[in-house]
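Visitor: Right, I'll just put the structure down here and ask away after.
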């Protein structure tokens, strides 16, 4: 009986972790999504790429992964999950802990060119405030980003 219970628990844990993995994008996939957007900008131009992202196109959205494009002043030119954020200057937005994460990202992009940034944001799948890690790259005068939601 103990072997049966142990086997059942192991199977249940594997199922739960597989479900989590299927619902959530990975860090590697976020980086790939940023590279995909930069390649599209190079091939099709920024205006066409921004317009496509702003339709919430599945080309630039996968589970809880979505892309954003911001200018160097903090204006969200494209947001792949929330039309209300498109065209808005987010420079002074804070997360729940009071972190000015857009200002931080702009500074990091200007000094490092790319990297990861942690803050809290609403997950479009769970609709809950969750820890997020955002990968970004500066391309010309744009910051292209895609983030992952982390375990609480």
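In mature numbering (1 follows the signal peptide of the UniProt record, and there is no 0), the protein residues as written are -21 to -1, 1 to 131. All residues carry an ideal CB built from backbone N, CA and C; glycine is no exception.
What residues in its chain sit with their C-beta under 7 Å from that of residue 83, if we drop five residues either side in the sequence?
Guide: Scanning its chain for C-beta atoms nearer than 7 Å, with the 5 sequence neighbours on each side dropped, one finds around residue 83 the residues 96, in chain order.
Visitor: Identify the continuous alpha helix (DSSP H) that holds residue 47 and give its terminal residues.
Guide: Note, residue 47: premise wrong, no alpha helix (DSSP H); beta strand (DSSP E) at 44 to 50.
Visitor: Span of the alpha helix (DSSP H) holding residue 67?
Guide: Residue 67 -> no alpha helix (DSSP H), and no H or E assigned at all.
Visitor: Between the Cα of residue 109 and the Cα atoms of 130, 66, 55 and 17, which residue gives the shortest distance?
Guide: Looking at the Cα atoms, 130 is the closest of the given residues.
Visitor: Looking only at DSSP bridge pairs, what is residue 122 linked to?
Guide: DSSP output for residue 122 lists 49 and 117 as bridge partner(s).
Visitor: Under DSSP, the alpha helix (DSSP H) around residue 85 begins and ends at which residues?
Guide: 80 to 91
Visitor: Cutting at 8 Å between CB atoms, please list the residues of its own chain near residue 36, excluding the five before and the five after it.
Guide: By the criterion of a C-beta distance shorter than 8 Å, residue 36 is surrounded in its chain by 59, once the five residues flanking it on both sides are discounted.
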